[in-house]
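These notes concern the structure reproduced below.
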Amino acid sequence: MNDAYTLLGLNPGVAQKDIKRAFRRLAMQWHPDRNPDPAALERFRSLRAAYEYLLADGDNGSDVDADAPGPGPSAGTESPPRGADRRQDLSLTIEEAWLGCEKSVRIGHEAECGTCSGTGQEVLAHTRLCTACHGSGRVRVAGGLHRCETCAGRGYSTRRTCTACEGSGRAEAWRTLAVKVPPGLLSGDELRVAGAGEPSPDPKGPNGDLRLRISIATHDLYRLEGRDLKLSRPVSALRMLAGGDIAIPLPGGSLNLHVEAGNATPREVRVEGAGFPAGRGQPAGALVVEVLPVWPEACDKDQQRLFDELDAALSRRTKRHFPEVADWESQWLPGRRSGRH
Ligand SMILES: [Zn+2]
Ligand SMILES: [Zn+2]
Numbered sequence: 193m194n195d196a197y198t199l200l201g202l203n204p205g206v207a208q209k210d211i212k213r214a215f216r217r218l219a220m221q222w223h224p225d226r227n228p229d230p231a232a233l234e235r236f237r238s239l240r241a242a243y244e245y246l247l248a249d250g251d252n253g254s255d256v257d258a259d260a261p262g263p264g265p266s267a268g269t270e271s272p273p274r275g276a277d278r279r280q281d282l283s284l285t286i287e288e289a290w291l292g293c294e295k296s297v298r299i300g301h302e303a304e305c306g307t308c309s310g311t312g313q314e315v316l317a318h319t320r321l322c323t324a325c326h327g328s329g330r331v332r333v334a335g336g337l338h339r340c341e342t343c344a345g346r347g348y349s350t351r352r353t354c355t356a357c358e359g360s361g362r363a364e365a366w367r368t369l370a371v372k373v374p375p376g377l378l379s380g381d382e383l384r385v386a387g388a389g390e391p392s393p394d395p396k397g398p399n400g401d402l403r404l405r406i407s408i409a410t411h412d413l414y415r416l417e418g419r420d421l422k423l424s425r426p427v428s429a430l431r432m433l434a435g436g437d438i439a440i441p442l443p444g445g446s447l448n449l450h451v452e453a454g455n456a457t458p459r460e461v462r463v464e465g466a467g468f469p470a471g472r473g474q475p476a477g478a479l480v481v482e483v484l485p486v487w488p489e490a491c492d493k494d495q496q497r498l499f500d501e502l503d504a505a506l507s508r509r510t511k512r513h514f515p516e517v518a519d520w521e522s523q524w525l526p527g528r529r530s531g532r533h
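For the sequence shown, the residue numbers in the working numbering are 193 to 533.
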């Protein structure tokens, strides 16, 4: 069906890629969305029919991108190859991971050497006598005179190997990419930055992705166990006896943790959902605070008097308030009614 070739402005038997290119160009021109000509729709349909016919004729009847006239990424097997993905580590503080942040990521890539513009050679300002043959253009090898390879027999040189790249013409270049990190990523999670990977070997092909493997740095206060956030907090033992709220610092602010009255032994207080935020389909973790009682130091006379009064009040019922003391005294001081003066 040579009509199909004619319609696409092609010579019979051209390669598939030429058919595709011709169709894309004409489809852009005749697509009814773009072309107000009343004949455009009809023309577009016949172009597409010709295109489909020629491709089906070609070999495997490769997929036809029927609706999109422009070049698109959905061209199937014929689309140019993607570049490779680039993998790097990205270290975050707990605060950054908790709240989300924007990080500058340095990406190294190969580029042309700036000194020699990729040629690997520098052009000298003045010609120099060739150091290998001392200007004669010949060197003595195995008893015979041979043409000097260094200067190609000229005896002088106008170029030398680029000292910056040692002749490779390539240099490591760096660029900085601002990456938005959503809140709630944990160590081992991967953050993908589409298109920031290696370039495709085909200039028309898309770049690979940048895949950042998250690691969360250790913290002086917080520890993470999964999404549970753990920390220890010293608290006045008297406050623990009296009960009340204690402030807990969190990356996003602070939280008042309620401590039940009654005893001043070390304990863990857990608040479900107040830990590391939800992310990647996982719910938020728990906040787990290890409350450590601390007894007062350096008390003055007035404070000591208060302790004395408190102790006296409690010691009226030693068995109830100090059972261990009561047991000990009944064993070793059986004659005395608990240790009051
Ligand atoms: Zn030479
Ligand atoms: Zn160079």
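Glycine included, each C-beta is placed from N, C-alpha and C at the ideal position. The structure presented is a predicted model; accordingly, all values stated were derived computationally and were not measured.
Contact set for N227: own chain, Cβ-Cβ below 7 Å, skip 5 residues either direction:
Taking the sequence shown and counting its residues from 1, one reaches residue 227 at position 35. Answer for N227: Q221, listed in chain order.
Check your understanding: What separation, rounded to the nearest whole angstrom, lies between the Cα atoms of P272 and E314?
Key -> As a first step, residue 272 is located in the sequence shown; it is residue number 80 there, counting from the start. As a first step, residue 314 is located in the sequence shown; it is residue number 122 there, counting from the start. For P272 and E314, the distance between alpha carbons rounds to 36 Å.
- Query: Expressed to the nearest angstrom, what Euclidean distance is found between the alpha-carbon atoms of S507 and R459?
  - Reply: Within the sequence shown, numbered from 1, the residue matching residue 507 stands at position 315. Within the sequence shown, numbered from 1, the residue matching residue 459 stands at position 267. Straight-line spacing of the CA atoms in S507 and R459 works out to 25 Å.
task: Counting only the same chain and skipping the five closest in sequence on each side, list residues whose C-beta sits under 7 Å from that of R274.
output: In the sequence shown, the residue the question calls residue 274 occupies position 82. Counting only residues of its own chain and dropping the five nearest sequence neighbours on each side, R274 has a CB closer than 7 Å to the CB of S392, G397, P398 and G400.
When you measure from the CB of G275 to every non-hydrogen atom of ligand 1, does any distance come out below 7 Å?
For the purposes of this step, residue 275 is taken as residue 83 along the sequence shown, with counting starting at 1. Not under cutoff, so the answer is no.
(message) Between V483 and R425, how many whole angstroms is the CB-CB distance? I'm expecting something under 8 Å.
(response) Indexing the sequence shown from 1 puts residue 483 at position 291. Indexing the sequence shown from 1 puts residue 425 at position 233. Their Cβ separation, rounded to whole angstroms, is 6 Å, which keeps V483 and R425 in contact under 8 Å.
**Asked** What are the partner residues of C293, as DSSP defines its beta bridges?
**Response** For the purposes of this step, residue 293 is taken as residue 101 along the sequence shown, with counting starting at 1. Listed as beta-bridge partners of C293 by DSSP are V373.
### Query
Are the beta-carbon atoms belonging to L416 and I406 less than 8 Å from one another?
Numbered from its first residue, the sequence shown carries residue 416 at position 224. Numbered from its first residue, the sequence shown carries residue 406 at position 214. No. Outside cutoff.
Handout entry: Neighbourhood of ligand 1 [Cβ distance below 6 Å to any heavy atom], ordered by chain position
Key = Chain order is used for the residues whose beta-carbon lies nearer than 6 Å to a heavy atom of ligand 1, namely C322, A324, C325, G329, C340, T342, C343 and G347.
For this session: Rank R240, E234 and Q495 by C-alpha distance to the C-alpha of R217 and give the top, closest one.
Result: As a first step, residue 217 must be located in the sequence shown, where it is residue number 25. Checking every option, the nearest Cα to that of R217 belongs to R240.
DSSP three-state label for H513, please.
Along the sequence shown, read from residue 1 onward, the residue named residue 513 stands at position 321. In the structure shown, H513 falls within a helical segment according to DSSP collapsed to helix, strand and coil.
**Asked** For the beta strand (DSSP E) that contains S407, what are its first and last residues?
**Response** For the purposes of this step, residue 407 is taken as the residue at position 215 of the sequence shown. In the DSSP annotation of this structure, the continuous segment of the beta strand (DSSP E) that includes S407 starts and ends at L402 to I408.
According to DSSP, is K422 part of a helix, a strand, or is it coil?
Here the question's residue 422 lines up with position 230 in the sequence shown. Looking at K422 - three-state DSSP - the assignment turns out to be strand.
If you count every other CB in all the chains shown that lies within 10 Å of the CB of C491, and 16 or more means buried, which is it?
The residue you call residue 491 lines up with position 299 of the sequence shown. Classification of C491: exposed, given that the 10 Å Cβ count is below 16.
**OP:** Throw me the rounded Cβ distance for the L247 and I211 pair, which I believe falls under 8 Å.
**Re:** Within the sequence shown, numbered from 1, the residue matching residue 247 stands at position 55. Within the sequence shown, numbered from 1, the residue matching residue 211 stands at position 19. Confirmed, Cβ separation roughly 7 Å.
If we call anything under 8 Å between Cβ atoms a contact, is E304 one with G310? To locate residue 304, count along the sequence shown from 1; it is residue 112. To locate residue 310, count along the sequence shown from 1; it is residue 118. The Cβ atoms of E304 and G310 lie closer than 8 Å to each other.
query = Going by beta carbon distance, what residues of the same chain come within less than 6 Å of Y197, once the five residues before and after it are set aside?
reply = Numbered from its first residue, the sequence shown carries residue 197 at position 5. Non-local C-beta neighbours of Y197 in its own chain, meaning closer than 6 Å and more than five positions away in sequence, comprise P204, ordered along the chain.
What number of angstroms, rounded off, separates the C-alpha of V517 from the C-alpha of L502? Numbered from its first residue, the sequence shown carries residue 517 at position 325. Numbered from its first residue, the sequence shown carries residue 502 at position 310. Rounded to whole angstroms, V517 to L502 spans 16 Å at the Cα level.
- Message: Output needed for R235: all residues of its chain with C-beta closer than 6 Å, excluding positions within five of it in sequence on either side, in chain order.
- Response: Taking the sequence shown and counting its residues from 1, the one referred to as residue 235 is at position 43. So the qualifying residues of the chain are W222.
query = When DSSP builds the beta bridges, which residues end up paired with Q313?
reply = Counted from its first residue, the sequence shown places residue 313 at position 121. Answer by DSSP bridge pairing, in chain order: T353.
Discussion item. So C308 and G347 are supposed to be a Cβ contact under 8 Å. How far apart are they, rounded?
Written reply: Here the question's residue 308 lines up with position 116 in the sequence shown. Here the question's residue 347 lines up with position 155 in the sequence shown. Between G347 and C308 the Cβ distance is about 23 Å, and since that is not below 8 Å, they are no contact.
Candidates L200, T285, G359 and I438: closest to F468 by CA position | Working through the sequence shown from its first residue, we reach residue 468 at position 276. Residue T285 is the option with its Cα nearest to F468.
task: State buried or exposed for G306, treating a residue as buried only when at least 16 other CB atoms are found within 10 Å of its CB.
output: Start at 1 with the first residue of the sequence shown, and residue 306 comes out as number 114. G306 counts as exposed, since fewer than 16 other beta carbons sit within 10 angstroms of its beta carbon.
Point to revise | Beta-carbon separation (whole angstroms), A470 vs G376, contact threshold 8 Å | key: Taking the first residue of the sequence shown as position 1, residue 470 is located at position 278. Taking the first residue of the sequence shown as position 1, residue 376 is located at position 184. That belief holds up - the Cβ atoms of A470 and G376 are roughly 6 Å apart, short of 8 Å.
key: Rounded Cβ spacing between L402 and R278 (contact assumed at less than 8 Å)   = Within the sequence shown, numbered from 1, the residue matching residue 402 stands at position 210. Within the sequence shown, numbered from 1, the residue matching residue 278 stands at position 86. Under the criterion of beta carbons closer than 8 Å, L402 and R278 qualify as touching, at roughly 5 Å.
Chain-order list of residues whose beta-carbon lies under 6 Å from that of G345 (same chain, five-residue window excluded) = Numbered from 1 along the sequence shown, position 153 holds the residue referred to as residue 345. Contacts found: G329 and R339.
Practice problem: My understanding is that S296 touches T368, with C-beta atoms under 8 Å, so please give their C-beta distance in whole angstroms. | Solution: Here residue 296 refers to the residue found at position 104 of the sequence shown. Here residue 368 refers to the residue found at position 176 of the sequence shown. That pair is a contact at about 5 Å.
Checklist line | Nonlocal neighbours in the same chain, by C-beta distance under 6 Å from Y414, ignoring five residues either side | finding: For the purposes of this step, residue 414 is taken as residue 222 along the sequence shown, with counting starting at 1. Residues of the same chain with a CB within less than 6 Å of the CB of Y414, apart from the 5 flanking positions on each side, are I286, L421 and L423 in chain order.
| message | DSSP three-state label for R497, please. | response | Within the sequence shown, the letter at position 305 stands for residue 497. R497 falls in the helix class under three-state DSSP.
Q.
I need the boundaries of the beta strand (DSSP E) containing A214, first residue and last residue.
A. What you label residue 214 is simply residue 22 of the sequence shown in a count that begins at 1. Counting along the chain, A214 falls outside any beta strand (DSSP E), though it belongs to the alpha helix (DSSP H) covering Q208 to W222.
### Message
For M219 and Y245, I'd like the C-alpha separation in whole angstroms.
### Response
As a working mapping, residue 219 is identified with position 27 in the sequence shown. As a working mapping, residue 245 is identified with position 53 in the sequence shown. This sequence places Ala at residue 219; Met is not what is there. Spanning the two alpha carbons is a distance of roughly 15 Å.
**Prompt:** Measuring from the CB of A303, is there a heavy atom of ligand 2 at a distance below 7 Å?
**Reply:** Numbered from 1 along the sequence shown, position 111 holds the residue referred to as residue 303. For ligand 2, not one heavy atom lies less than 7 Å from the Cβ of A303.
Segment limits, beta strand (DSSP E) that includes A429
For the purposes of this step, residue 429 is taken as the residue at position 237 of the sequence shown. A429 -> not in any beta strand (DSSP E); alpha helix (DSSP H) instead, spanning A429 to A434.
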